[in-house]
Each structure stands twice: as structure tokens, then as C-alpha cells.
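> Provided herewith is a single structure, encoded as C-alpha cells, for subsequent inquiry.
Protein chains in written order, with this note's numbering: chain A, 10 to 606; chain B, 714 to 1011.
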């Protein structure tokens, strides 16, 4: 099993959980360690309970893991909730002045910090946090200099005095731990690598910038708002027009307007906002104007649990807007993929002049991951498709001899798209059904022949889309006792569950779906035809992907693992469920989340 | 609106004739609006490929199909949101948005208010017939109290929206009202609205001859009074405009209620567009900029 080290920091919102988290993340990534961070929180600005988990190690860390090595409770509530999670070898650093520990398991080291003795708490309200960070790093075997550097950056804007004060407090905690607490059995190693640490929302925003997005608009909605924040902060440097709009209906329509005028245009929302965008997606399909919409799923239905994760929007995506139309739906597999998937889906949306939907979720959107900076490649291939941007410089010969027809019936279903402003290509794009020339056929005279021809023209694009999207692949050994099937963000946790199962003598492999539409149902059947035992793992109640797969290719797996409590899967949830199912006790496992957040 | 560039060829009315003839009922007020828009574009000599006409859904929203400019026939109520996107992506284009009172003040009311406060540089023409026509005669947001329709057969009990007062309150920078029975006057207002730099709102009484038997040409004709005929009226005076906007009955003002030119347009206020329209800027992000974006995360 790969070596990792996980820290849990718990407290009330507003108590400063994020800052120690950021400091640890910076120190680990600069040490050449990978990391994965997940913050469990509520829809509250002050109060409640926030629990941040940061897991690090020299190899890729794809999920929060099963074990907490160091717990830093910032209040009594956090101590009461989480001390019981610690097992042999773990430690808990806490403010001895204000927090009392309950009984800890055997081998758990309790590390009380005499905070008021070590720092002037009347001057520094978050002294306990800084002391704990210093103490923790000492116990992990990390030299103090790394912390000093990060603190200097963190407080640079507040002046040298503030930097010096914080460094002194951190030093006091560091030294106190060195002389009073037992270091961890596994000092954190160091590598030559350097990683960028980012959230899925930042990754998708940057992916948009790399894809050449020039227009981004949104209405704030958790957990998608991070995309707007990155875009807004970097708009001027990246040359992107960013607008906050009155509602998501306005968002999708404004985005389509900009796209129609010729720029790459993107927007992001969550399930509720996406519901409002549905009619707009139909417009994108009917006008054949490409737009990319990101849906960051949160627990539904309705307002649901705004700060919790779920994979519950799949059928909303599949059913979005009425009528049949071509589109692409993709679910990023991890935070690095959040970056990569955006240029890919834009190329498809542009080539096939249709909407593209990115089905992300809170786990990726707001989680953070270490990514090799080389994987954030801005030098990406851009294919705008058959876009006519000047009267004489059409990228593809449309063969019209001047009689331009916007919706010309072609074998591929793709018609060259002229943007407004180009002489000689005047046309109207309509949401009503229209003929090749853009003239409405729905008002004065309907025409079944023209209607059929236009439906078939648009739907022919599906053939091209299917050919352009890669087939899914099986990961792990060909011959396995169990095949775990997942989609999107569960990639990392299923992968780790497979590794643990293999170590325990149960050979496991994984089929992770990235492209939801087109699904390549036949290829999936082919992959699964020899599988001995298949289980579909997903973060929702009804098995939305299982139902979708069945509707596409009639495939029925041996069992299901589902979770819909708002929290993500941990590896042991899957491992235990697989064992339960292989023993024949059940076909449906719903693991219980042990961390109370 | 965008700077009027010299036309490569002299634009004539025939150039602006759409691919099909309008399917409006004979006598519909919308014919007058179409003719006035075409006339205004000819008088301003704006090349038709530089114009985008954008509409929502409804009788009057079929407008883009009847004029030979770039057109978008969008969703019910959404024309202004789409038009904002078009204008921000390519502010060299002249954007004219057309629609009805149901489209603009009912289902699209939210976008109407917000597009005005943003001062998006476009002309929004509402062909206001105080009725839903394409759905065969229901009450609209501008139907008067007491008006009998299929949806309110015993008479409307809801107060109508006052589009001019609403536009004044929402911060539109050019506000006018026309009457499709006053062609020359209407054409002049359209020209001014296109030339105004900022959001131009033009509410046009465009009678529905099929479903609205209350507010007919005959009803409007003796009532409409041109603001331009009152030499004391100052369209720079917002308070005076608000007072005028409340007049309804024996005298109903038409003409330019209000104009101010000191508010920046949305595209003018955004430095990202200083380098020119987004659509002409295909250059990728410079490597030193993208490197800095990644550096921030390390």
C-alpha cells in the first residue's frame, strides 16, 4: 500500500480552518509531495462545523483516504466529533486552555499545547492555529525554514511586523513539539518534483482560457462559483470578457449570443441553475451555435445540500431541453482532467456546432489536487470547425458560389457557419424550425419534407461525434475477480479501492466513463462481456448511470454501490462493499459515512 | 451605437427586403415598424451585413426574417440577453432588438430591467399592441384594466406596466415612444435610437387589428401628441420625463422622452475591449501570462 499522511483540521466557519490548510498544502507541494484536499462544510459564513482533510505522499494521492494521521481540532466540537477516528500511530494537537480531549484509542498521541503560555492570545486571535501548524510540522520531520518562507508570503502584505509575529508564534509551537511530543513514525519525504495545487473550478476556468474562451458569464451558485472567481480575477490578463448576469436564463442566452457572434463562450452553474438553462441549450442545438456549459453537481433535489457532493444530475443532463438534438456530455475524472477536458469539449462543440456539457461535481470543483504544471498545457490544439469569419477567407469551401445557405444540407450534417459582420453571408438563425436558408417553416407553411430533412441533417452530426470521441478503456488486470464501473469524479477512489482489494487477494479492475454522450454502449458491452462480477459505483440514490447504461445497451451489472449522504466515497467504503457483494450477502451496498460533518 | 462606416455600396430599400414577406395580419401595426427600420437604415447608410436584428418569440418577433440583415430569432423573452452577448463579442455590429410587449415586459421582464441598467449599446424596439397575438388573444402586461380577452373574459383586473416609467427608473439612457401610424416620426426616433451610444428603448404603439379592439389606430390617432411639438419640453430632464410618462387618456405623449449621453456603454466601460472587438482577437494567451497563472498555484 502506498505511503500517505493525512491531516484533519476541524472548527467553526470563520475560525480560520483554511489558512493552516493552505500553509500545509504549500509546504507539501514545494517538498515535491502530491496532495489531495477536501473540505466538508456547510452553507454558513460563521459557525457550523468545517472539516478539512489534506492527504499527502510521494505518489499521486487521488482521494481523502481512510485514515487521519494528525487531527487539529480548533474547538471542542471538532475534538468531540473526530478524536474517535484516530487509530494507533495518529496524533491530536489541540489548545489545552480551551479544549478537553475525550478518551482516545490505544496508541493515539494527545498533544496539548499551552497556547496562552506560548503566545500572546490577546494580540493574535489565531495563535492556536499557527502554533498547531508549527507543532505538526515538527512532528512530521519537516524543517522550520519551509514554514518560515510560507508565512512570510502569507503575511507579506500586512508588513514585516506581522510576518515576524507569526513566525515567532510558529517557532514557539515548533520548538514546544520538538521537546514535548513524539515525532510521527514516518517522516515526510522530499522529492525533486514541484506541483501546482488547484481546485477543479480553477482548473476548468484555466482550461477555458487555454481553449481560447473569450466570453464567460455566470450567476453565483455553489459549488460552481469558483470558476467565476478565477475568470473575473484573471479576465483582463487573459483577454476574457466576464459578466455576472441576473439569472441563469440570462447566462446561457448571453453566452449563446457571444458564441453566435463568433467567440468561444462558456458558463458554469449547478443543478438548479442548469434547470433554468435547459431551454437555452435547445436554442444552441437548433441554431447550431456551440456553447459549453459546466454543471457542478451538488446534492439535490431543489436547493438540496448546497455544500455537499453528489452525482445526481445525470438524467437532468440527458433530458435537458425538449426534442432530439446532438450534444456532447463529458465528466472529468479528476482535477487535472478538469483542465484538459475543456479544450477537448470546445473542439467537439465547435466542429459539430452543438452544445457541450461538462458534468463536474462539488468533490472536484472545490477539492484541491497537486498537478504537474506540465499537465496545465496552454499550448493546446484548437479546432474551430467550419467557421466563416471573412468573405474571402472561408476555412472550408462551401461551394455555394455566393449563394450562402447557413443550414446547407450536407452529408456530415455540418454546415459552414458564418458569423455576423461577414459580407455576402447574411442569414437569420432561428429557434423555429427552418429550411437550409434559415427561413422559418413553422409559421406560415409547415413542410414535412423540409422538417424531416433538417432533423436528419442535425442528427447526422451524431455519427461524426461518435467517431471523434475515444472508446472507454478497462484499467487494471484483464482477468479480475471484480470489475468496478464508475463515471467522472469517482475515478481516484475506485482506483485506490482496486489496489487495496488486490493487496487483499481480490483481483479488481476498473472501467471509468469520461464521455457520457456519446456513450459507446457496444464497446462497453464488449469490455464487460468476460467480466466475472461487475459493480456500478456512483454517488447517487437511484443508480442514474446504471439506469442510463441499461437504457443504452441493456447491460445489467452484478451489483451496485451507492452513496447519497452528501459526502464522497472513501476507499474502504468500496472495499467493504465489494467483499460483501462477492460473499453474496447483497447486490446493493450503501456505505455509511463515519465522519460527522 | 457603433460608428457608422462608409457603405461600400449605396444601400437602398430593396437591399433590406427579407427572404420572405411578413405573415402579419393585413393592417398589423408591425408593417409600419418594419418599413421605418428599413428606412432608418437606408438613411443612416449602415451596411446591412454590419447589422444584427435579434428578436424573441411572438408575432412581432418574426421581424428578423423579414429584413435582410444578420438575424437571430431567439427564445421567448430572451432576445436582450442574447443581444448583450452579441454586442459584447463584437461591438462593431449595430444591434437592433425587436419584440412584443409580452416578450419584453412579461416573460423577458427581468432581462429588460438589467439590460437597461447595464447601458448595453443597442436599440430595443417593442411593438406594443397590449395583447398576446400569436397565442390568439390573451391579456398582456400592457393591457389596460377592464380589457376583455380570452384569458380574462370578465375584464383585466391587473394594473398594466408603464414601459416608459419603468425604463426611466431602470436607467435607460434613451427612451422614446412611437406610433406605427406616424411613419416619419417613427423613422426619426429609430435613427436617433441607433445613433445613441447606450441602451435605446423605443416603445411603439403597434395596433393588433385582430385581437385588440380597444386600442386601435382610431383610438390612438386623436390622442397621440408629439413631445417634439412642445418647445418647452427638455428630454434631458429626467423628472419631467417621468411626469410625462404618467400621462394616459385623452392625451398620450409620443416622441423622445429622455436622453442622456454621459453614461459609458457596457462595452465602453470594460478595458478588456480596449484592444477592439473580442471576435477579432484570436491570439492565444501569451506564454508568459499562462506561466504566471500556473506560478500562482505553486
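The C-beta atom is built at its ideal place from N, Cα and C for all residues, glycine as well.
Please return the same chain residues whose Cβ sits closer than 6 Å to the Cβ of residue 813 (chain B), not counting the five positions on each side in sequence.
Counting only Cβ-Cβ distances below 6 Å, and skipping sequence neighbours, we find 771, 773, 840.
> Please confirm whether residue 109 (chain A) has its beta-carbon closer than 8 Å to some beta-carbon of chain B.
For residue 109 (chain A), the answer is no, since every Cβ of chain B falls outside 8 Å of its Cβ.
> With a threshold of 8 Å on Cβ separation, who are the neighbours of residue 969 (chain B) within its own chain once the five nearest residues in sequence on each side are excluded?
So the list reads 887, 888, 889, 902, 905, 940, 941, 948, once near-sequence residues are dropped.
> My output table needs one value for residue 868 (chain B): the three-state DSSP class, helix, strand or coil.
Correct three-state label for residue 868 (chain B): coil.
> Which residues, taken in chain order from the region 766-784 of chain B, show a beta carbon closer than 7 Å to some beta carbon of chain A?
Answer in chain order: 775, 777, 778, 781, 782, 783, 784.
> Let me make sure I understand the geometry here. Which of A:603, A:140, A:145, A:108 has the alpha-carbon closest to that of residue 15 (chain A)?
Residue 15 (chain A) has its Cα closest to that of A:145, out of A:603, A:140, A:145, A:108.
> On a CA-only basis, which of B:777, B:733, B:762, B:741 is nearest residue 429 (chain A)? Give me that one, please.
The candidate whose alpha carbon is nearest that of residue 429 (chain A) is B:762.
> Cα separation between residue 875 (chain B) and residue 945 (chain B)?
Rounded to whole angstroms, residue 875 (chain B) to residue 945 (chain B) spans 24 Å at the Cα level.
> Show which residues of chain B have a CB atom less than 7 Å away from the CB atom of residue 166 (chain A).
Chain B residues near residue 166 (chain A): none, gap ~15 Å exceeds 7 Å.
> Taking 8 Å as the threshold, find out whether the region 470-486 of chain A comes into contact with the region 816-824 of chain B through three or more Cβ pairs.
No, they do not touch.
> Taking only runs of the alpha helix (DSSP H) that begin and end inside the region 745-808 of chain B, which ones reach a length of at least 4 residues, in chain order?
For the region 745-808 of chain B, whole alpha helix (DSSP H) runs of length 4 or above, ordered along the chain, are 792-802.
> Whole angstroms are fine: how far does the CA of residue 398 (chain A) sit from the CA of residue 779 (chain B)?
Taking the straight line from one Cα to the other gives about 24 Å.
> Give the DSSP bridge partners of residue 48 (chain A), in chain order.
In DSSP, residue 48 (chain A) forms a bridge with A:61.
> Are any of the Cβ atoms in chain B nearer than 8 Å to that of residue 206 (chain A)?
Residue 206 (chain A) counts as touching chain B.
> Is it buried or exposed, residue 409 (chain A), if we count other Cβ atoms within 10 angstroms and call 16 or more buried?
The predicted model places residue 409 (chain A) with a pLDDT of 48, which falls under 50 and marks its position as unreliable, so this point remains unresolved.
> Label residue 867 (chain B) either buried or exposed according to how many other C-beta atoms from any shown protein chain fall within 10 Å of its C-beta, with 16 as the threshold for buried.
Result: exposed.
> Assign residue 239 (chain A) to buried or exposed, taking buried as 16 or more other Cβ atoms, counted over all protein chains shown, within 10 Å of its Cβ.
Flag for residue 239 (chain A) reads buried.
> If you measure between the beta carbons of residue 788 (chain B) and residue 266 (chain A), is that distance less than 8 Å?
Not a contact, by the Cβ cut-off of 8 Å.
> State the Cα-Cα distance for the pair residue 148 (chain A) and residue 187 (chain A), rounded to the nearest angstrom.
Each residue's alpha carbon lies about 7 Å from the other.
> Using a Cβ-Cβ cut-off of 7 Å (strictly less than) and excluding sequence neighbours within five positions of residue 561 (chain A), which residues of its own chain qualify?
Closer than 7 Å at the Cβ level, and outside the excluded window around residue 561 (chain A), lie 528, 530.
> Excluding the five sequence neighbours on either side, which residues of its own chain have a C-beta within less than 7 Å of the C-beta of residue 92 (chain A), listed in chain order?
Here the set comprises 80, 101, 110, 111, 113.
> In the region 804-821 of chain B, which residues sit with their C-beta less than 8 Å from some C-beta in chain A, listed in chain order?
So the close ones are 805, 806.
> Among residues of its own chain, excluding the 5 on either side of residue 32 (chain A), which ones have a beta-carbon nearer than 6 Å to its beta-carbon?
Hits under 6 Å: 142, 159.
> Does the beta carbon of residue 405 (chain A) sit closer than 8 Å to a beta carbon anywhere in chain B?
Only weak support is given to the placement of residue 405 (chain A): the predicted model assigns it a pLDDT of 44, under 50, and the value that follows is read from those uncertain coordinates. Closer than 8 Å: no.
> Cα-Cα, which of B:996, B:923, B:877, B:973 is closest to residue 737 (chain B)?
Nearest C-alpha to residue 737 (chain B): B:923.
> Among A:525, A:363, A:346, which one has its Cα closest to the Cα of residue 296 (chain A)?
The option with the nearest alpha carbon to residue 296 (chain A) is A:363.
> Hey, does residue 408 (chain A) have any beta-carbon neighbour from chain B nearer than 8 Å?
The pLDDT assigned to residue 408 (chain A) is 45, lower than 50, so where the model puts this residue is not dependable; a value taken from the coordinates is nonetheless given after this. Chain B contact via Cβ: absent.
> Could you say which of A:585, A:52, A:580 lies nearest to residue 502 (chain A) if we only look at CA atoms?
Selected option, being the one with the closest Cα: A:580.
> Is the CB of residue 428 (chain A) under 8 Å away from at least one CB in chain B?
By this cut-off, residue 428 (chain A) is an interface position.
> How is residue 972 (chain B) classed by DSSP in three states: helix, strand or coil?
The answer is strand: DSSP assigns residue 972 (chain B) an E or B state.
> Go through its chain and collect everything with a Cβ distance to residue 56 (chain A)'s Cβ below 8 Å, but skip five positions before and after it.
Here the set comprises 21, 22, 23.
> Residue 818 (chain B) lies in the beta strand (DSSP E); which residues open and close that run?
No beta strand (DSSP E) holds residue 818 (chain B); DSSP gives it neither H nor E.
> If I follow the unbroken alpha helix (DSSP H) through residue 287 (chain A), where does it start and stop?
Note, residue 287 (chain A): alpha helix (DSSP H), 280-296.
> Which residue's Cα is closest to the Cα of residue 373 (chain A): A:206, A:518, A:538?
Cα-wise, what sits closest to residue 373 (chain A) is A:206.
> Hey, could you find the ends of the beta strand (DSSP E) residue 474 (chain A) is sitting in?
Counting along the chain, residue 474 (chain A) falls outside any beta strand (DSSP E), though it belongs to the alpha helix (DSSP H) covering 457-477.
> Spatial neighbours of residue 882 (chain B) within its chain, please: CB distance less than 6 Å, with the 5 preceding and 5 following residues excluded, ordered by chain position.
Closer than 6 Å at Cβ, skipping near neighbours: no residue.
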